[in-house]
Amino acid sequence: MKKRRPKKDHKVDARQESQEHFRKAVLHAPFPVMIYAEDGEVVEISRVWTEITGYKHKDIPTLKAWVEKAFGQKDGFARPYIDNLYNLNMKVEEGDYQIMTKNGEKRIWSFSSSPLSTLPDGRRLVISIAADITKRKAAEKEVQESAWRLNMVIERAGNGITVSDNQGNFEIFNSKMQEITGYTIDEVNCCRDFSAVLYPNKVDRHNAIEGLKSAKSGEGYHEAETVICAKDGSKKTLLVSTSVIHYKDKDMFLSVYRDITERKNSEEAIIAAYKMTRSILDMAPIGIYLARSDGSIEYVNSAMLEMSGDTREQFESMNILKVPSYKKVGLDNLLKAALKGKPFFIGPVEFTSYYAKKTTIRNFTGLPVKEGGENKVLIFAENLTELKKKEDELIKLSQAVMQSSTAVVITNLKGQIEYVNPSFTRLTGYTSDEAIGKHTRLLKSGEIRRSVYKQLWRSIVSGGEWRGEFHNKKKDGKLYWEYASISPVRGPDGAISHFIKLAEDVTERKKNEKIIEETRDQLALQAMDLQKANVDLKLLYNELEKKNLELQKLDKLKSDFISTVSHELRTPLSITKEGISLVLDEVPGRINEKQREVLFTSRNNIDRLARIIGDLLDISKIESGAVGVRKEFIDLAFIINQIAGFFMVKMKEKGLKLRVKVPKDGVTLNADGDKMTQVLMNLVNNAIKFTDKGSITIEVEAIDGYVQCSVKDTGMGISKENLPKVFDKFQQFSRVPGAGERGTGLGLSIAKGIIDAHNGKIWVESALGKGSRFTFTLPKT
Amino acid sequence: MPNKKILVVDDELDFLKLMKMRLEANDYEVITAANGKEALDLIKFRKPDAVLLDILMPGMDGLQVLKIIRKHDKELPVFMVTAFSNMERFEAANKLGASGFIVKSNDLKKEIENITSAIMLSDKFKGQKKV
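Those protein sequences? They're chains A and B, same order as listed.
Here the first sequence stands for residues 13 to 793, numbered as in the numbering used here.
Here the second sequence stands for residues 5 to 135, numbered as in the numbering used here.
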C-alpha cells in the first residue's frame, strides 16, 4: 500500500487525478465501498465500511482476509469469481450477505459488485458497494415475523376474521371463519362474490354491506349482528366488528366475527322460558299480579282478570295503592308493608273489583320480590266464591241429612259410628251420644247370617255399594226390618275414608210383603191350574183338529158317496120309468083311464127323483171343485132365445107374459154354453114357479168387459130374512101347493156354483110381494 | 121287408128286457148281450143291423167294445147308451165312431124314434155304397 501512495503522489496527471478523486469519493461515500484488484488486494475501503465493520484497511489488506474475517470462510474468495464478473460483460453482481464485524456483530449487507477499471499496472479493479441492510432486514424480519404472528393469531383466533374488499372478495378468511361457515379457503377464493354465498338472504346481505359502508364512512369501527348461511345450510348468528384497514394498498374491511348462535339460542331459550313462565302464570287457576313499588301493575294473569271482571287495559291502568276497594279491606297498608319486604295474607274477604264492580270472596297473599333493585309485590288472589257456595250447600246438605226421614249412619273404616242423624235415633232409640264411638254391631239382632255381613264388607271395602235388608234390634230390644244402602265415602285423595249407611224402616212393608207373598203363592197355584187347563185345551184342540181332518175325509166320502149313489140310482130309476112308460104307451096291453092317471103321477115323481139326483150330482161336483168348465165362444142372446122358446108354452099356460131384451148383434162371451143354459133354466124356472101373474123379463147386455144378465119376475118376492139364504143348499122358502114340478132346493146353489166357477157374480134384489130380480155378471173372456 | 135286427148290450138285465119289449113294439128283431164279449160274438155270428151299446159295463166297457167293432166294421150303426148326458163321454164315443146316443133317463119312445130314422139313413147309405 505504501508503494502505491507515493505513486499517487508522484504521478500527477489528469487520469491519476481523477482516480484520486474517485478514491476520495469512495473513501467518503456514505455507504460501505470496497475496491479490490483482481489478485485480491483490497485497494480501498470507505470510511463507512470501517465504521460498520470495525476493520480498517490494514486489517483487511486482501479480499481473502476480508472474507475470512467477515464470513469466517478460509477459501471464500476465488479468482474465477472476478473473471466471471468480467466475463459477464461487466454486469453487476448483487447479493445479500451476512457479515461479521470486528466486535462480533452480525450485519447484513447487500452487495453489488461491478468491474471498475484497470490499474496502471494492468490489474483489473472491482468495486463492491454494500448497503448495510441489517436494519432493513431486521425490520423486514420483524414485519415478516409479525405477519407470521398475525397470521398465527388470525388463524388460531377464536373469532372468525376476514379481510375483504367492498366487492365481497376475501383476502383473508381464517380457519375459525372456515369452521364457522364450513367453507374452505379454496372455496372462498374461487368465488367471485363470496358474500352472496354467505348471505343468501338479500336483507341480511344488504344489512351486512350497509354495516361495512358505515364502517367505511368514518366511524372506523362498526359492530353489528349478522346472520350468515353456513355451508350445511344452518343459520349462524355472528357478531361482527368491522374496521377499515389499509391492506395491500387498498382500503379493506377487517371483520372480526364472533359466533353467537349458541348464545342467541340460549337467549331465545330464556325468552321462551320466560314466555312459558308467563303462560304458566296465565294458566294458573289462581289470580296472580305483580305491582311495582309505586303501586302500578306490571303484570296480571288471566285468572285474575276473570276474577275481577276488568279488562287487561283497565287492570293494568290501576294503581292498587290508591284503589278504594283495597283500602276498604285494609289491603293498602298491607301492600305498603309488603313493598318494604313484609309478606301478608288476608282473607277470606269480600272484594269488589274496581272497574267491573264484580264482588267475589277472596284470599290475598302478598309476596315481596326484588327485581332489578326495585321492590315489588307479587299478589296471589284466590277466588273462594264457589267454595263458599259449596260450603253453604254443604251446610244445607247436612241440614237435609239431619232432617231426612232416612236413618243416616256414618262410620269410620273400622265400622265405628261417627255420626247419626235424628231419624236414626227415632228408628233405633239410640241417641247420637249413645251411638257415636260404638260399633255398628250395636244393632245386630243375630238374625242375619254371618256370610251376609262378610259379603257386605267385601263389597263396600272394594268401593262398591251394598243394598239389602237387615233384621236389627232396637235399644229396647224390639226387632225391626230395615232396608239399607251402604256405600263408601271417598276423601279428596280418592281413598275410602268413611262408610255411610242410609236405612229405612221396612218392618211394615215386610209384613205386607208376607201377605203379598201368600197371595202370590195362591196366584201361582191358580196359574198352575190355568196351565193345566191350557194343556187340556191344547189336547182338546188337537183332538178337534183330528176330528176336523176326519170330517174333511168324511166330506169327501160324502161327495164320493153322492156321486156314486146318484149314478147307481139312475139306472133303476130309468128302468122303472121305462117300465111305467111302456105300460102308459100300452105296449103290454090296454089300460083304463084310472090306471093311466096313477101311472102318470108315478112317472112325474120318478122324473122329479131323477132331477133331484141330477142336481145332487151337480152340487157334489161343485163342492168338490170338480166342475168342469168347458169354455168356448157362445152367444148368450141365442141361449136366452132358446130358453124363452122352451118355456113359452108353460108360461102361456100360466098366463104370464115373457119379455126378452137382447141386443140385435147378440152377446158373445167365453163361457160353458151348457152350464149357462143350466143357470138360465134354473132362474127362469124359478121365476115361473113363483109368479102367478104379470111377467118375466130376461135381459142381457154387454158392459165393458162384462156381460150382465138378469131374470126379473113380478112374483111373490123373498122376505128380507130369507134373502141372504137364497143361494144356500136345500132352501125352499115357499112351497108351491098342488101338483106340478117340485123343486129340489138346489137350483140356485148350482147356479151360483157355476157362475163362481166362471169368475162371475150372482145376486138377487127382492122384496116380499114385489117380485125378484136375479142378476149375474160374467167376464167376456 | 124283413124286420131289422138290433143288438142291445147292457149289463142291466131288467133294462134289456124292457128295451126288447119297446123295440119289438117298434117292429125290430131284438137280440141281447149282457157284456162286451158276448156282444162281439153276437155281432160276429148274428150280424145285427144296429147295436145299442151301454157305455158303463163291468169288464169291457162300451167304448172298448166300440173300438173293436170299428176295427172290422166302420158302417154298422152303433148307438151308445148312457144313464145321463155327459158331454165328455159323448165326445170320446164320437171320436171312436159312435153313430148316436140314447140317454136312458130321457123318454125312450122318442129316443127309439130318433134311432130308427138314423138306422134307415144308414141303411140307405149302405145300399148306395153297394150299388
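Cβ atoms here follow ideal geometry from the backbone N, Cα and C, with glycine treated the same way.
Chain B within 8 Å of Leu760 of chain A, Cβ atoms only: no
Interface residues of chain A facing Leu57 of chain B [CB-CB closer than 9 Å]: The premise fails here: Leu57 of chain B is roughly 15 Å from chain A at the closest Cβ pair, so nothing lies under 9 Å.
Environment of Asn527 of chain A [buried if 16+ CB atoms lie within 10 Å]: Note that residue 527 of chain A corresponds to Ile in the displayed sequence, not to Asn. The residue in question, Ile527 of chain A, is exposed, as its Cβ has fewer than 16 Cβ neighbours within 10 Å.
C-beta atoms of Ala683 of chain A and Val672 of chain A nearer than 8 Å: no
Continuous beta strand (DSSP E) assignments of at least 3 residues falling wholly in the stretch 49 to 77 of chain A: 54 to 57
Whole-number beta carbon distance between Gly717 of chain A and Lys792 of chain A, since they are thought to touch under 8 Å: The beta carbons of Lys792 of chain A and Gly717 of chain A sit about 5 Å from each other, so the pair counts as a contact at 8 Å.
Near-chain A residues of the stretch 11 to 38 of chain B - C-beta to any C-beta below 7 Å: Glu16, Asp18, Phe19, Leu22, Met25, Arg26, Ala29
Opposing strand residues paired with His510 of chain A [DSSP bridges]: A:Val501
Residue-chain proximity (Ala54 of chain B, chain A), Cβ-Cβ < 8 Å: no
Beta bridge counterpart(s) of Met264 of chain A as assigned by DSSP: A:Ile257
Under 8 Å by beta carbon: chain A residues contacting Asp77 of chain B: In chain order: nothing, as chain A lies at least about 28 Å away.
Same chain only: Cβ atoms within 6 Å of Arg747 of chain A, ignoring 5 sequence neighbours per side: A caution first: Arg747 of chain A carries a pLDDT of 47, below 50, which makes its placement in the model unreliable, though a value can still be read off. The answer is none, since no qualifying residue turns up.
Alpha carbon of Ala242 of chain A to alpha carbon of Ala507 of chain A, nearest angstrom: 60 Å
Environment of Phe105 of chain B [buried if 16+ CB atoms lie within 10 Å]: buried
Spatial neighbours of Gly752 of chain A in its chain, beta-carbon cut-off 7 Å, leaving aside the 5 residues before and after: With a pLDDT of only 47 at Gly752 of chain A, under the threshold of 50, the placement of this residue in the model should not be trusted, and no figure is reported.
Beta-carbon gap between Ile631 of chain A and Lys741 of chain A smaller than 8 Å: yes
Length at least 4, wholly inside the stretch 598 to 681 of chain A: the alpha helix (DSSP H) runs in chain order: 605 to 635, 648 to 666
Assumed close pair Glu328 of chain A, Val341 of chain A - CB separation to whole angstroms, cut-off 8 Å: About 21 Å; that fails the 8 Å criterion.
Cut-off 7 Å between Cβ atoms - residues of its own chain near Asn424 of chain A, not counting five sequence neighbours on either side: Glu430, His510
Three-state class that DSSP yields for Arg785 of chain A in the structure shown: strand
Rounded straight-line distance, which links the Cα of Asp263 of chain A to that of Glu325 of chain A: 55 Å
Member of B:Asp15, B:Ser121, B:Ile10 whose CA lies at the smallest distance from the CA of Met61 of chain B: For the residues B:Asp15, B:Ser121, B:Ile10, the minimum Cα distance to Met61 of chain B belongs to B:Asp15.
Arg620 of chain A and Leu596 of chain A closer than 8 Å at C-beta: no
Buried or exposed by the 16-neighbour rule on C-beta atoms within 10 Å, applied to Tyr32 of chain B: buried
Per-residue burial, Ala763 of chain A [other beta carbons within 10 Å of its own, 16 or more giving buried]: buried
Coarse secondary structure for Val215 of chain A, derived from DSSP in three states: Helix, per DSSP.
Proximity winner among A:Lys643, A:Asn653, A:Lys669, A:Gly678, relative to Lys687 of chain A (alpha-carbon distances): Here the closest residue by C-alpha is A:Lys643.
Proximity winner among A:Val679, A:Ser365, A:His483, relative to Glu459 of chain A (alpha-carbon distances): A:His483
Neighbouring residues, chain A, relative to Ala87 of chain B (Cβ below 8 Å): His579, Arg582, Thr583, Ser586
Interface residues of the stretch 598 to 622 of chain A facing chain B [CB-CB below 8 Å]: Residues of the stretch 598 to 622 of chain A with a C-beta less than 8 Å from any C-beta of chain B: Val599, Pro600, Ala622, listed in chain order.
Proximity of Asn331 of chain A and Ser308 of chain A at Cβ, strictly below 8 Å: yes
Cutoff 6 Å; reference His258 of chain A; Cβ partners in own chain excluding five residues on either side: Residues of the same chain with their beta carbon placed closer than 6 Å to that of His258 of chain A are lacking, with the five preceding and five following residues left out of the count.
Proximal residues of chain B, C-beta to C-beta of Gly667 of chain A below 9 Å: Neighbours of Gly667 of chain A on chain B: none; closest Cβ ~27 Å, over 9 Å.
Chain-ordered residues of the stretch 102 to 124 of chain B with a beta carbon less than 8 Å from chain A: Lys108, Ser109, Asp111, Leu112, Lys113
Closest Cα partner of Lys676 of chain A within the set A:Leu670, A:Gln690, A:Ile652: A:Ile652
CA-to-CA distance, Leu514 of chain A to Ile498 of chain A, given in whole angstroms: 6 Å
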